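Report on the structure given below.
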Amino acid sequence: MDEETVSDYVERSQSLVESSPQMDEQNTRSRLIDPFIRDVLGWDFYSTEIEMEYSVQMGSSKKKVDYALFGDGSPALFVEAKGCDTTITDAYADQLRSYMRQEWVDWGLLTNGKTFRVFRLEKEGTNPDVKRLGETDLADLTANDWMLAALSKDSIQSGASTEIYQRVERRRQAISTLSEEKDDIADSLRETVVERVGEVVSQPAESLSKTLVDHLITELERNREADSAGVTSEPSRSNSEEDPVEGDSADSYVVRISDGDGATEFSDDSQSDLMGAVVDHLIRSCGLIEQYEPLPYVPGNKIAILNDEPNHPNGDEMRLYREVGGGYYVYTSFNKGDKKRHIHDFADAAGVDIAFDGEW
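Numbering (the numbering used here), first residue to last: 12 to 371.
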């Protein structure tokens, strides 16, 4: 899955939607959904791996699934398409679920070109259940690498999509456990600290333990980089646990900024945190804001990358952001390639040289 291809698809599709928001299903399929399946997910329409209007026997009648995508000779992904003029509802989702259960199909996608809902069939037990794994808007596709990778031809036909599903489920289960057992987990943390340190820390440890659990939940909910980074494979033990050699950074991502006063290096294992740190430096030391006034800075048609409030021009709250430069906000809900591109653009605007190292 090529990051530039995804970004180009999003930009082109946003323009089409904005120019024709009431697009009917036929035009939505040809202009938005067909290119998504072909260009973003990598499926070949000129082959036997896609069947349009696939028949599903439901009781005494036959129903049609808009797209059936095949892996190993049988349908592996059903796609139900609606027009941009149609709101995605639970009724449409239930329809797709029934098709997936009837045909024992692992993956499902329900989309109107603006909203994308992904479903997964759980086959354990005698009654298969179809779970809704996630939902994203068109503008946020680049921040959902796991979703695109799970539905891609390569992942489904190789079996890697199952590994991606397992990662998503582990994250979901962790959030659920932390939320449902918050008080018990916080008490266990407090007791461990008190046992090691003494009763003198009991009171502050009680409140801080609850805060820690809250922070863990927040990070798991808003930071999808761990799922995206694990799309292809788990890191090997030797790569993930060995000590860094001399001269290497212990952090995964490195950025170096050079100006007339010398060079400044930033490193972090979080792409979003690193992007925030670099933009903060460019604002405080390199006059970045002056290059984009008046804010917000909107390089495309909808998304504010830099603003003096954590909102986009249409009033929607930024999904992921970092506060920078004393009262400004940088939007960070991008995949790795787009983060790198925007950081580079910010450095160019500020008139400084930039270099990337590590896992970039």
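The C-beta atom is built at its ideal place from N, Cα and C for all residues, glycine as well. This one's a predicted model, so the numbers in the text were calculated from it and none came from an experiment.
- Contact between the segment 188 to 198 and the segment 210 to 224 is present: three or more C-beta pairs spanning the two stretches fall below 8 Å.
- In summary, tryptophan 54 is buried, with 16 or more beta-carbon neighbours lying within 10 Å of its beta-carbon over all protein chains present.
- DSSP, reduced to helix, strand and coil, places tyrosine 57 outside both helices and strands of the structure shown, so it counts as coil.
- When Cβ pairs closer than 8 Å are counted between the two stretches, the segment 66 to 75 is seen not to touch the segment 27 to 40, the count staying below three.
- Taking C-alpha positions only, asparagine 155 is separated from alanine 102 by approximately 25 Å.
- Within the segment 44 to 101, the complete beta strand (DSSP E) segments at least 3 residues long are 61 to 69, 72 to 82, 85 to 92, listed from N- to C-terminus.
- Closest option to aspartate 83, judged by alpha-carbon separation, among Gly170, Tyr342, Ala315, Glu334: Gly170.
- For aspartate 291, the closest alpha carbon among the candidates Leu285, Val335, Ala161 is that of Val335.
- Counting only unbroken stretches of 3 or more residues, the beta strand (DSSP E) elements lying wholly within the segment 259 to 333 are 264 to 270, 273 to 279, in sequence order.
- Between the C-alpha atoms of arginine 143 and arginine 131 there is a straight-line separation of about 6 Å.
- In the displayed model, glutamate 146 falls within a strand according to three-state DSSP.
- Beta-bridge analysis with DSSP links alanine 366 to Arg267.
- For the pair glutamate 60 and cysteine 297, the Cα-to-Cα distance works out to about 52 Å.
- Of the residues assessed, lysine 164 falls on the buried side of the cut-off, its CB having 16 or more other CB atoms within 10 angstroms.
- Of Phe81, Asp270, Asp272, Val289, the smallest CA-CA separation from tyrosine 264 is found for Val289.
- Residue environment: glutamine 177 is assigned as exposed (fewer than 16 neighbouring CB atoms within 10 Å of its CB, all protein chains considered).
- Each residue's CA atom was taken as its position, placing aspartate 45 and aspartate 77 some 11 Å apart.
- Shown here, tryptophan 115 sits in coil according to DSSP, grouped into three states, outside any helix or strand.
- Phenylalanine 56 is not a Cβ neighbour of threonine 122, given a cutoff of 9 Å.
- Within a 10 Å sphere around the beta-carbon of proline 86 sit 16 or more other beta-carbons, which makes this residue buried.
- Per DSSP, phenylalanine 127 lies in no alpha helix (DSSP H); the unbroken beta strand (DSSP E) holding it starts and ends at 126 to 133.
- Shown here for arginine 295: same chain residues with a beta carbon closer than 8 Å to its own, the five before and five after excluded, namely Gly336, Gly337 in chain order.
- When beta bridges are read from the DSSP output, tyrosine 339 appears opposite Val335.
- Sequence-distant partners of serine 166 (beyond 5 residues in either direction) whose C-beta falls short of 7 Å from its own C-beta, in its chain, are Ala160, Ser172, Ile175.
- For glutamate 64, same chain residues with a beta-carbon under 8 Å away, outside a window of 5 residues either side, are Lys75, Val76, Asp77 in chain order.
- Judged by DSSP in its simplified three-state form, aspartate 349 adopts helix.
- Just measuring C-alpha positions, the residue of Thr229, Gly145, Arg201 sitting nearest alanine 216 is Arg201.
- When secondary structure is reduced to three states using DSSP, aspartate 140 falls in the strand class.
- DSSP places glutamine 33 in no alpha helix (DSSP H); its state is neither H nor E.
- When beta bridges are read from the DSSP output, threonine 122 appears opposite Ala92, Phe127.
- Contact between the segment 338 to 357 and the segment 313 to 329 is established, with three or more Cβ pairs separated by less than 8 Å.
- Nearest C-alpha to glycine 94 among Leu43, Gln113, Val141, Asp117: Leu43.
- The beta carbon of valine 204 sits closer than 7 Å to those of Val212, Ala216, all from its chain and outside the five residues before and after it, given in chain order.
- Residue burial annotation: lysine 351 is buried, with at least 16 other C-beta atoms found within 10 angstroms of its C-beta.
- Its Cα nearest to that of glycine 369, the residue Ser278 stands out among Ser278, Glu29, Trp157, Arg23.
- By the criterion of a C-beta distance shorter than 8 Å, valine 21 is surrounded in its chain by Leu149, Ala150, Leu152, Thr153, once the five residues flanking it on both sides are discounted.
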